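Colleague:
Protein chains in written order, with this note's numbering: chain A, 4 to 264; chain B, 17 to 316.
Here is the structure:
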């Protein structure tokens, strides 16, 4: 038994990165591609994302953003509590909401909040934030192993895959259980690099491997598109420099100190 | 504190123990702030220091319950000589946050904290309270000489690889918000903290703050119907408990209310709690006031 799946989250309307990630995953001959939600935010022209997902048969879990847009809510439910974070989140949400087609909105409304797969002997649970809450942040330095083990038990899973934070990580837990934050492809990881990345999960006769893969895309073109849409310069700067400029206050100290701001 | 006379109070269940708080220095503090909601001071021994030995069983119990974060408050946590040992222990299990006035942090403390933090995969955070961006404004509320010592503690933490979260209790009008925030940012930068994180807290009008602000208005309670369509996961009582030298309380705010003492173990204290106090109204309005930015509870 051999299976290889590609997993990513946080497209944030970055259709250029999405195209490259799909090409990269196909080149690596993955069996299936999964997106763990948050199709909009930060980026330009949200409608460019939808056809790529459909055409490439990508299975999608609803993120908080997709849930908000699909259900026509007033805000993104990003889970920020800081006023500056919320200011930029609102700007970005209002733009995305206004520029998302009715057809795309209706499609988002139907997305499931979780997907379950069986890969070899592993029961895999795909969700956006955490299995218990769509917009829960599971950061590497604030998420205890015993807490993740309890989630595996409570939600009957061997491998839990999530995204939402914007920075990838994974941890092997007791009893052959795993947590994987698969990362996002919409913006770089606040490390000064302009590329994005996704996760490949491969199971070969009950042996599993987790690999994070970096992907280059035309970030300068994306920056130009963001500018054309008159979205904030702060969003352009992140794409061009690889440093987060907004929605920073949600970062725990150990993750925050690695960034520039 | 005045209790509402209505018979039925809206009850909030503990959905999951995400945050375990320790009142690690009791009500003992090196200063006596004018707005302290639990009247902490050098002479207030209502609650005593907690030792590593006192804390250990609660940590074990909380880990079994799937706790996500540990918080340390007081009083002034650094007044407790065993604080560093306690932090070292909890950081084996999860992230920790210390709520401090920053005044007792010296060079050797900062060096030890840096070591404790780098030995753990989890984050160690500090939340330092300030009440004004000038010495005069701050010391008027927190006492003479507090500003300079706190600034020094903040600078030391920053120099040792931490980004302390500066917490400020809101005592200004809405229109002045930007001016005040910029004032804090500039002052902190001038004092060597180049990347300040700031969290604004609402004032909780009990304890000393009730005397300062004349307290709550008579109608300011949480009524049953107010919880309809309300995300109760924002309320700390739905996801947290506080361990003190006198047992387990529902939250860090209500330590002076007898009914908020829910038992001696976390298991005993896992029962629901009726929101019968006026301080609950502040929590209801502002939500998540006690946690860090990234800490949100589960769905109700």
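Virtual Cβ for every residue (Gly too), placed ideally from N, Cα, C. If you're wondering where the values come from, they're calculated on a predicted model, not measured in any experiment.
From this set, A:150, A:209, A:192, which residue's C-alpha is nearest residue 170 of chain A's C-alpha?
Modeller: Position 167 of the first chain, counting from 1, holds the residue named residue 170 of chain A. Of A:150, A:209, A:192, the residue nearest in Cα terms is A:192.
Colleague: What number of angstroms, rounded off, separates the C-alpha of residue 93 of chain B from the C-alpha of residue 206 of chain B?
Modeller: One-based indexing of the second chain puts residue 93 of chain B at position 77. One-based indexing of the second chain puts residue 206 of chain B at position 190. So the alpha carbons of these two residues sit roughly 27 Å apart.
Colleague: Skipping 5 residues on each side, what residues in its chain have a beta carbon closer than 6 Å to that of residue 137 of chain A?
Modeller: Start at 1 with the first residue of the first chain, and residue 137 of chain A comes out as number 134. Correct list, in chain order: 67, 131.
Colleague: Run through chain A and tell me which residues come within less than 8 Å of residue 7 of chain B, C-beta to C-beta.
Modeller: Shown here, chain B extends from 17 to 316; a query on residue 7 of chain B therefore has no answer.
Colleague: Would residue 250 of chain A and residue 38 of chain A be called neighbours here (beta carbons separated by less than 9 Å)?
Modeller: Here the question's residue 250 of chain A lines up with position 247 in the first chain. Here the question's residue 38 of chain A lines up with position 35 in the first chain. No, the Cβ-Cβ distance between residue 250 of chain A and residue 38 of chain A is not below 9 Å.
Colleague: Could you spell out the range, first to last residue, of the alpha helix (DSSP H) harbouring residue 193 of chain B?
Modeller: Locating residue 193 of chain B in the second chain gives position 177, where the first residue counts as 1. Taken as a continuous stretch (DSSP letters only), the alpha helix (DSSP H) holding residue 193 of chain B covers 193 to 206.
Colleague: Near residue 96 of chain B, which residues of its chain fall below 6 Å by C-beta distance, leaving aside the five closest residues on each side in sequence?
Modeller: Counted from its first residue, the second chain places residue 96 of chain B at position 80. Hits under 6 Å: 40, 41, 65.
Colleague: Is there a Cβ of chain A sitting closer than 9 Å to that of residue 256 of chain B, yes or no?
Modeller: Mapped onto the second chain, residue 256 of chain B falls at position 240. Cβ-Cβ to chain A under 9 Å: no for residue 256 of chain B.
Colleague: Could you list which residues in chain A have their beta carbon closer than 7 Å to that of residue 82 of chain B, in chain order?
Modeller: Mapped onto the second chain, residue 82 of chain B falls at position 66. Under the 7 Å cutoff, chain A gives 149, 150, 153.
Colleague: Assuming residue 128 of chain A contacts residue 183 of chain A under a Cβ cut-off of 8 Å, what Cβ separation, rounded to an integer in Å, is found between them?
Modeller: Looking up residue 128 of chain A in the first chain gives position 125. Looking up residue 183 of chain A in the first chain gives position 180. Contact doesn't hold; Cβ gap of about 10 Å is too wide.
Colleague: Does any CB atom of chain B fall closer than 9 Å to the CB of residue 190 of chain A?
Modeller: Position 187 of the first chain, counted from the first residue, corresponds to residue 190 of chain A. Taking Cβ atoms only, chain B never reaches closer than 9 Å to residue 190 of chain A, which makes this a no.
Colleague: Quick one: does residue 56 of chain B have its CB under 9 Å from some CB of chain A?
Modeller: Taking the first residue of the second chain as 1, we reach residue 56 of chain B at position 40. So no, residue 56 of chain B is outside the interface.
Colleague: If you reduce the DSSP assignment to three classes, tell me which class residue 2 of chain A lands in.
Modeller: As shown, chain A starts at 4 and ends at 264. That puts residue 2 of chain A outside it, with no answer to give.
Colleague: Mapping the DSSP letters down to three states, classify residue 104 of chain A as helix, strand or coil.
Modeller: As a position in the first chain, residue 104 of chain A is number 101, starting the count at 1. Note: residue 104 of chain A maps to coil in three-state DSSP.
Colleague: Go through its chain and collect everything with a Cβ distance to residue 311 of chain B's Cβ below 8 Å, but skip five positions before and after it.
Modeller: Stepping through the second chain from its first residue, residue 311 of chain B is reached at position 295. Caution is warranted here: a pLDDT of 49 is assigned to residue 311 of chain B, below 50, making its placement in the model unreliable, and the coordinate value is therefore given only provisionally. Excluding sequence neighbours, residue 311 of chain B sits near 34, 35, 84, 85, 304.
Colleague: Return the CA-CA distance between residue 107 of chain B and residue 103 of chain A, expressed in angstroms with no decimal places.
Modeller: Here residue 107 of chain B refers to the residue found at position 91 when the second chain is read from its first residue. Here residue 103 of chain A refers to the residue found at position 100 when the first chain is read from its first residue. Rounded to whole angstroms, residue 107 of chain B to residue 103 of chain A spans 44 Å at the Cα level.
Colleague: Check the Cβ of residue 79 of chain B against every Cβ in chain A and list those closer than 8 Å, keeping chain order.
Modeller: On the second chain, position 63 is the one that residue 79 of chain B refers to. Ordered by position in chain A, the residues that pass the 8 Å Cβ test against residue 79 of chain B are 147, 149.
Colleague: Going by DSSP in three states, residue 207 of chain A sits in which element: helix, strand or coil?
Modeller: Residue 207 of chain A sits at position 204 when you count from the first residue of the first chain. Of the three classes helix, strand and coil, the one that applies to residue 207 of chain A here is strand, per DSSP.
Colleague: Near residue 228 of chain A, which residues of its chain fall below 6 Å by C-beta distance, leaving aside the five closest residues on each side in sequence?
Modeller: Taking the first chain and counting its residues from 1, one reaches residue 228 of chain A at position 225. Around residue 228 of chain A: 47.
Colleague: Leaving out five residues on either side along the sequence, give the residues of the same chain with a beta carbon under 8 Å from the beta carbon of residue 50 of chain A.
Modeller: Taking the first chain and counting its residues from 1, one reaches residue 50 of chain A at position 47. Here the set comprises 102, 103, 104, 107.
Colleague: Express the C-alpha separation of residue 283 of chain B and residue 277 of chain B in angstroms, rounding to a whole number.
Modeller: As a position in the second chain, residue 277 of chain B is number 261, starting the count at 1. As a position in the second chain, residue 283 of chain B is number 267, starting the count at 1. Answer to the nearest angstrom: the Cα atoms are 13 Å apart.
Colleague: Just the chain A side, please: which residues come within less than 9 Å of residue 115 of chain B by C-beta, in chain order?
Modeller: Locating residue 115 of chain B in the second chain gives position 99, where the first residue counts as 1. What residue 115 of chain B touches in chain A: nothing, since even the nearest Cβ is about 14 Å away.
Colleague: Look at residue 185 of chain B and residue 218 of chain B and say whether their C-beta atoms are less than 9 Å apart.
Modeller: Locating residue 185 of chain B in the second chain gives position 169, counting from the first residue. Locating residue 218 of chain B in the second chain gives position 202, counting from the first residue. Against a cut-off of 9 Å, the Cβ pair of residue 218 of chain B and residue 185 of chain B comes out as a contact.
Colleague: Would you call residue 51 of chain B buried or exposed, if buried means 16 or more other Cβ atoms sit within 10 Å of its Cβ?
Modeller: Residue mapping note: residue 51 of chain B aligns to position 35 of the second chain, counting from 1. The residue is buried, with at least 16 neighbouring Cβ atoms inside 10 Å.
Colleague: Let me see if you follow: with CB-CB separation under 9 Å, is residue 257 of chain A close to chain B or not?
Modeller: Here the question's residue 257 of chain A lines up with position 254 in the first chain. Yes, because at least one Cβ of chain B sits closer than 9 Å to the Cβ of residue 257 of chain A.
Colleague: Who are the Cβ neighbours of residue 23 of chain A in its own chain at under 6 Å, not counting the five residues just before and after it?
Modeller: Within the first chain, numbered from 1, the residue matching residue 23 of chain A stands at position 20. Cβ neighbours of residue 23 of chain A beyond the five flanking positions: 218, 220.
Colleague: Is it right to say residue 143 of chain A is buried, meaning 16 or more other beta carbons lie within 10 angstroms of its own, or is it exposed?
Modeller: To locate residue 143 of chain A, count along the first chain from 1; it is residue 140. Its Cβ being crowded by 16 or more others within 10 Å, residue 143 of chain A is buried.
Colleague: Kindly indicate if chain A contains any beta-carbon less than 9 Å away from that of residue 219 of chain B.
Modeller: Position 203 of the second chain holds residue 219 of chain B. Chain A contact via Cβ: absent.
Colleague: Does residue 235 of chain A get closer than 9 Å to chain B when you measure Cβ to Cβ?
Modeller: The residue labelled residue 235 of chain A in the question sits at position 232 within the first chain. Chain B, which has no Cβ nearer than 9 Å to the Cβ of residue 235 of chain A, makes this no.
Colleague: Counting pairs of beta carbons, one from the segment 113 to 124 of chain A and one from the segment 61 to 78 of chain A, are three or more of them closer than 8 Å?
Modeller: Cβ pair count under 8 Å is three or more, so yes.
Colleague: At the level of alpha carbons, what is the spacing between residue 5 of chain A and residue 31 of chain A?
Modeller: Your numbering for residue 5 of chain A matches position 2 in the first chain. Your numbering for residue 31 of chain A matches position 28 in the first chain. If I take the Cα positions, the gap works out to 14 Å.
Colleague: Taking residue 11 of chain B and residue 144 of chain B to be in contact with their CB atoms under 8 Å, please state how far apart those CB atoms are, rounded to whole angstroms.
Modeller: Since the first and last residues shown for chain B are 17 and 316, residue 11 of chain B lies out of range.
Colleague: Where does residue 235 of chain B land, buried or exposed, given buried means 16+ other C-beta within 10 angstroms?
Modeller: Here residue 235 of chain B corresponds to residue number 219 of the second chain, with the count starting at 1. Its Cβ having fewer than 16 others within 10 Å, residue 235 of chain B is exposed.
Colleague: Which whole-angstrom value is the C-beta distance of residue 256 of chain A and residue 178 of chain B, which I expect to be below 8 Å?
Modeller: As a first step, residue 256 of chain A must be located in the first chain, where it is residue number 253. As a first step, residue 178 of chain B must be located in the second chain, where it is residue number 162. About 6 Å separates the two Cβ atoms, so the contact holds.
Colleague: Could you say which of A:43, A:57, A:141, A:140 lies nearest to residue 94 of chain A if we only look at CA atoms?
Modeller: Counting from one through the first chain, the residue named residue 94 of chain A turns up at place 91. The candidate whose alpha carbon is nearest that of residue 94 of chain A is A:43.
Colleague: Could you please tell me which residues of the segment 15 to 47 of chain A, in chain order, have their CB closer than 8 Å to any CB of chain B?
Modeller: If the cut-off is 8 Å between Cβ atoms, the segment 15 to 47 of chain A has nothing near chain B.
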